[in-house]
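**Q** Same order as they appear, the protein sequences are chains A and B.
Under this note's numbering, the first residue of the first sequence carries the number 64, and numbering increases by one thereafter.
Under this note's numbering, the first residue of the second sequence carries the number 6, and numbering increases by one thereafter.
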Amino acid sequence: MSDSTDPSPGRRLLLDVVESPGLVEGLSARDDLLSAGINSGELIRLALAIEEHTGEPLDDELLPTLCTIEGIDQVLEQYSVGRVVP
Amino acid sequence: MWMTQFVRRQRQVRPDAVALADENRELTWGLLDARTDALAAGLLDLGACPGDRVVVCSRNRAEVIELYIAAGKAGVIVCPVNPTFPAPEVEHIVRNADPVGVIAEEAVIDRLDPALGAGWRVRLGGAQYEALYETPPRALPPARLDDVFALVHTSATTGLAKGVALTHRAIAAGYTATAADFGFGPGQVMLYPCPLFHGSMVVPLALLAAGGTVVVQNEFTPQRFLANLRRFRPTTAFLVPSMIRFAMMAKAFDAADLSSLREIIFGGAPMPRELLREALRRFGCPVRNSYGLSEGGPIATALYTESDLDEAGGGTTPLHSSGRMLPGCHIEVLDDAGAPVPAGEIGEVCVRGDGTMQGYWRDPAATAAAIRDGWLRTGDLGHMTEDGLIYLIDRRGDVVIRGGQNVYPAEIERVLAAQPGVRDVAVVGAPSAEWGQVPVAFVVAADADAPPPIPALLAACAAELGSYKRPADVRLVEEIPRNAAGKILRKVLKQQLQPAAV
């Protein structure tokens, strides 16, 4: 569980891939990333970064989940506890 | 009416073959012809008249291509708009096109409604839209080949978007050129993840005209692209270089089913030679480079590459050439006065032929500046060899003027991209008190933990370029910013620069 001073893993990963980190800092966990100005290229880099982070191919069915920071955290959590069967 | 003709002909020849698919549906030629007839009648019933514009604003889906065909059948001009654009850009395009109506995904209408003009709205996939497929048949007005088929708005990286008016004749020219040179025909299946609002939508239309099958991918992600290779078993795919690179970066790439691919086609931006070599090796099929621009057809030249051996590797493959002009497309490299330059000398690449735009929509001044003496001035600087190979050097607007001498960023990029440990590179002009401008290079390391030594990069430039062309600075960055078509966003890089102390 993260608090306001400890960014969640999903937020940290997102900060790593966006060109303008300021866009991420003002986002709540449930804000839509595309609506907030994160572009599709950055989301592609995010998906690839998740693969690097987990060491596993990302199931394409999970891609729509990566539309919020909460969704990114869920995907990371699923992979970390091995619940995903690609 | 060409749009009617090609669909009708394919329905007559192969009514039960699959013409068009996306991730949710597939349509035979019989269905595609019937549905687009009804849709065309529906557009006319909505009040659109031949010559009117209708905006289509959607992510990729099969219905978008149906709408393009239906508009063509009805003589209505389709105006594709990027659904992710912010309101001001959409508002500009709508003001420019002055459409009678908009067909868009529900979320797009909800987000952009005030920017979509005063015309009617139809929500793509909604009940009103689906009812259009039930419109009773009616006589469709015969369009002429020189009627405008589409208004494609050009990239905003050069300023406010301009509407490129492409006629039915231009679309037909795209079919003729690709059928003759690419061998498009029945039995071929193209996976198309590039945006359908882009001028490259002529490529899937050309394959359809030839009787092939087009599979529209909703949006590009490397993971979905690789999954779709397995699912749809395409014989070809049209991609921009960034997509190829991202696909090869995905963890699933090495286990992907690439066995159906006979070739990969890329366009939209030049491909770094190292990336091209990697694509040839890892996709295991030939790669076809296509060069063009919305105003020019938009495919003007192509190069089919089977071997990654260029002169440096003991082979003859001109890996960094954009290829030769396609059938029906005349290309010359001209000087500013409109005279051809000798082989090997740099000039402006100019295009003429049936594929060339009619002009910029309601912008005669811009049209006159772009088309002179029948030649479309592409703004691309390059040279042509004696045997017709085109080598692009740069965009005219990207020239860095250092002490009164022109420096073409692509020349520096070509040298740096060839250095070990360099994954990507872009060069822009930085303000300099002493020289006016100096070139600065942004370099992405292939391995962030072992970046290429900057002195070695500068030494390579010194070895291969005139001294005034050496970059004043080389900066290591994580990524080169590019637009949706893969073109370098030089303005973004320039914003990162402070006046260089040179």
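Quick reminder that beta carbons are idealized off the backbone N, C-alpha and C, glycines included.
Indicate whether the contact test is met: 3 or more Cβ pairs, each with one atom in the segment 143-152 of chain B and one in the segment 329-346 of chain B, closer than 8 Å.
**A** Cβ pair count under 8 Å is below three, so no.
**Q** Would you call Asp429/B buried or exposed, if buried means 16 or more other Cβ atoms sit within 10 Å of its Cβ?
**A** The residue is buried, with at least 16 neighbouring Cβ atoms inside 10 Å.
**Q** For chain A, is any of its Cβ atoms less than 8 Å away from the one on Pro275/B?
**A** No, Pro275/B lies away from the interface with chain A (no Cβ there is under 8 Å from its Cβ).
**Q** Taking Cβ positions only, does Glu224/B come closer than 8 Å to chain A?
**A** Yes, Glu224/B lies at the interface with chain A (some Cβ there is under 8 Å from its Cβ).
**Q** Please confirm if Ala423/B has its CB atom under 8 Å from at least one CB of chain A.
**A** No - not a single Cβ of chain A is within 8 Å of the one on Ala423/B.
**Q** How should Arg174/B be labelled, buried or exposed, when 16 other C-beta atoms within 10 angstroms of its C-beta is the threshold for buried?
**A** Result: buried.
**Q** Considering just the uninterrupted stretch of the alpha helix (DSSP H) at Pro414/B, what are its terminal residues?
**A** Counting along the chain, the alpha helix (DSSP H) containing Pro414/B begins and ends at 414-422.
**Q** Closest by CA to Pro20/B, which one among Ala461/B, Ala26/B, Leu32/B?
**A** Of the candidates Ala461/B, Ala26/B, Leu32/B, the one whose C-alpha sits nearest the C-alpha of Pro20/B is Leu32/B.
**Q** Going by DSSP, what residue range makes up the alpha helix (DSSP H) through Pro369/B?
**A** Element bounds for Pro369/B: 369-375.
**Q** Within 10 Å of its beta-carbon, does Asn65/B have 16 or more other beta-carbons around it, so buried, or fewer, so exposed?
**A** Buried, since its Cβ has 16 or more Cβ neighbours within 10 Å.
**Q** Any Cβ of chain A within less than 8 Å of the Cβ of Lys167/B?
**A** Judged by the 8 Å Cβ criterion, Lys167/B is not in contact with chain A.
**Q** Inspect the beta-carbon positions of Ala284/B and Ile269/B and report whether they are closer than 8 Å.
**A** Yes, the Cβ-Cβ distance between Ala284/B and Ile269/B is below 8 Å.
**Q** Please list, in chain order, all residues of the same chain as Glu110/B whose beta carbon is under 6 Å from its beta carbon, the five residues on each side excluded.
**A** The answer, listed in chain order, is Ser63, Leu129.
**Q** On the DSSP letters alone, give me the boundaries of the beta strand (DSSP E) that Gly434/B sits inside.
**A** 427-437 is the span of the beta strand (DSSP E), which, as asked, contains Gly434/B.
**Q** Classify Pro460/B: buried if its beta carbon has 16 or more other beta carbons within 10 angstroms, exposed otherwise.
**A** The residue is exposed, with fewer than 16 neighbouring Cβ atoms inside 10 Å.
**Q** Using beta-carbon positions only, say whether Ile113/A and Leu139/A come within less than 8 Å of one another.
**A** In this structure, Leu139/A lies closer than 8 Å to Ile113/A by Cβ.
**Q** Which whole-angstrom value describes the C-beta separation of Leu150/B and Thr172/B, a residue pair presumed to lie in contact below a C-beta threshold of 8 Å?
**A** Confirmed, about 7 Å.
**Q** Buried or exposed, going by whether 16 or more other CB atoms sit within 10 Å of the CB of Asn294/B?
**A** It counts as buried.
**Q** Where does the unbroken beta strand (DSSP E) through Thr310/B begin, and where does it stop?
**A** First-last of the beta strand (DSSP E) with Thr310/B: 306-310.
**Q** What is the DSSP secondary structure of Ala182/B, reduced to helix, strand or coil?
**A** Helix.
**Q** By a C-beta neighbour count over all protein chains shown, 10 Å radius and 16 as the cutoff for buried, is Glu71/B buried or exposed?
**A** Result: buried.
**Q** For Gln442/B, which residues in the same chain have their Cβ closer than 6 Å to its Cβ, ignoring the five residues on either side in sequence?
**A** For Gln442/B, where only same-chain residues beyond five positions count, the Cβ hits under 6 Å are Val405, Ile406, Arg407, Gly434.
**Q** Check each candidate in Asn87/B, Pro198/B, Gly168/B, Ala53/B and name the one with the smallest Cα separation from Arg126/B.
**A** Minimum Cα distance to Arg126/B is reached at Ala53/B.
**Q** For Arg229/B and chain A, any beta-carbon pair shorter than 8 Å?
**A** Yes, contact with chain A.
**Q** Suppose you measure from the CA of Ala136/B to the CA of Ala46/B; what does that come to, to the nearest Å?
**A** For Ala136/B and Ala46/B, the distance between alpha carbons rounds to 11 Å.
**Q** List, in order along the chain, the chain A residues whose C-beta lies closer than 7 Å to that of Met206/B?
**A** Within 7 Å Cβ-Cβ: nothing; Met206/B doesn't reach chain A, min ~18 Å.
**Q** Under 7 Å Cβ-Cβ, which residues of chain B neighbour Leu139/A?
**A** Near Leu139/A there are no residues of chain B at all, since even the closest Cβ is about 15 Å away, more than 7 Å.
**Q** Considering only DSSP beta bridges, list what Val157/B is partnered with.
**A** Looking at the DSSP assignment, Val157/B forms a beta bridge with Val169/B.
**Q** Taking C-beta to C-beta, are Leu37/B and Ala79/B nearer than 8 Å?
**A** No.
**Q** DSSP puts Phe271/B in a beta bridge; with which residues?
**A** Beta-bridge pairing links Phe271/B to Leu244/B, Asn294/B.
**Q** Residues in its own chain within less than 8 Å of Leu502/B by CB, not counting five upstream and five downstream?
**A** Taken in chain order, the residues that qualify are Val433, Ala435, Pro436, Val445.
**Q** Whose C-beta lies closer than 8 Å to the C-beta of Arg13/B among residues of the same chain, with five residues either side of it excluded?
**A** Excluding residues within five positions, the ones whose Cβ falls inside 8 Å are Asp38.
**Q** Against chain B, with Cβ distances strictly below 8 Å, would Ala92/A count as a contact?
**A** Chain B contact via Cβ: absent.
**Q** With the cut-off set at 8 Å, would you say Ile351/B and Gly384/B are in Cβ contact?
**A** No, they are not a contact pair.
**Q** By DSSP's criteria, Ala353/B is part of a beta bridge. Which residues make up the other side?
**A** Checking the sequence shown, residue 353/B turns out to be Glu, not Ala. In the DSSP output, where bridge partners are listed per residue, Glu353/B has Leu339/B, Leu386/B.
**Q** Any beta-carbon of chain A closer than 8 Å to the one on Met253/B?
**A** No, its Cβ sits nowhere closer than 8 Å to a Cβ of chain A.
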